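Okay, so here's the structure we're looking at.
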Amino acid sequence: MRSWAGEEVEEEDLVADLRVTAAAHPQDARLAAFVDRMLHASPRFAHLWSNGTARPHVGDRKTVEHPRVGDLDLDLDVVTAAGTDLRIVTYTAAVGTTDAERMDVLRAARAEGAEVGDRAGERGELPLGVWIWESRRRTSSP
Numbered sequence: 004m005r006s007w008a009g010e011e012v013e014e015e016d017l018v019a020d021l022r023v024t025a026a027a028h029p030q031d032a033r034l035a036a037f038v039d040r041m042l043h044a045s046p047r048f049a050h051l052w053s054n055g056t057a058r059p060h061v062g063d064r065k066t067v068e069h070p071r072v073g074d075l076d077l078d079l080d081v082v083t084a085a086g087t088d089l090r091i092v093t094y095t096a097a098v099g100t101t102d103a104e105r106m107d108v109l110r111a112a113r114a115e116g117a118e119v120g121d122r123a124g125e126r127g128e129l130p131l132g133v134w135i136w137e138s139r140r141r142t143s144s145p
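Per my numbering, the very first residue in the sequence shown carries number 4; after that it's consecutive.
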């Protein structure tokens with residue numbers, strides 16, 4: 004999967020988003036330990052972290068290399084439920100495009116029970132579609 008903005012911009016965006024999460028959860032020891040490990044293991048991460056930029060990652064345009072239908076150009080949008088850490092990440096193709104047609108092919112094949120990927124699910128990876136996760140659970144919640 005490639006960002007249309009380029010690898011460097013994508014890295015900047017993700018580190019800035021991690022800074023937002025770290026600021027929201029200053030007592031999260033596991034998160035602090037992760038940041039510390041990254042600071043020591045990656046000069047690039049250390050550089051990006053030191054610039055102090057903090058902003059949520061809200062979207063991107065990606066090219067997904069799919070083994071069955073080829074490259075798909077998709078919009079990535081991140082929606083955050085107000086007052087929570089819940090994030091919904093969606094990948095969509097513009098209506099009327101070849102990419103939308105390819106997504107329809109994948110949906111139809113999946114509905115028929117056909118193998119649509121490279122067996123990613125067997126490796127514990129999430130399928131292309133809508134991904135939902137909670138970025139961090141508050142450890143102080145009752």
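Built from N, CA and C at the ideal position, the CB exists for glycine as well. Please read these numbers as outputs of a predicted model, since none were measured by experiment.
By the criterion of at least three beta-carbon pairs nearer than 8 Å, the stretch 94–113 is in contact with the stretch 74–84. The residue among R113, A84 and V18 with its C-alpha nearest the C-alpha of G55 is V18. A25 and L34 have their alpha carbons spaced roughly 7 Å apart. D31 and V12 have their alpha carbons spaced roughly 27 Å apart.
Only residues of its own chain outside the window of five on either side were considered, and among them L75 have a CB closer than 6 Å to the CB of H69, listed in chain order. Rounded to whole angstroms, R64 and E14 show a C-alpha spacing of 14 Å.
Collapsing the DSSP output to three states places V38 in a helix. Around the beta carbon of D16, 16 or more other beta carbons sit within 10 angstroms, so the residue counts as buried. At a cut-off of 3 residues, the continuous stretches assigned as beta strand (DSSP E) that sit fully inside the stretch 28–92 are 62–69 and 73–83.
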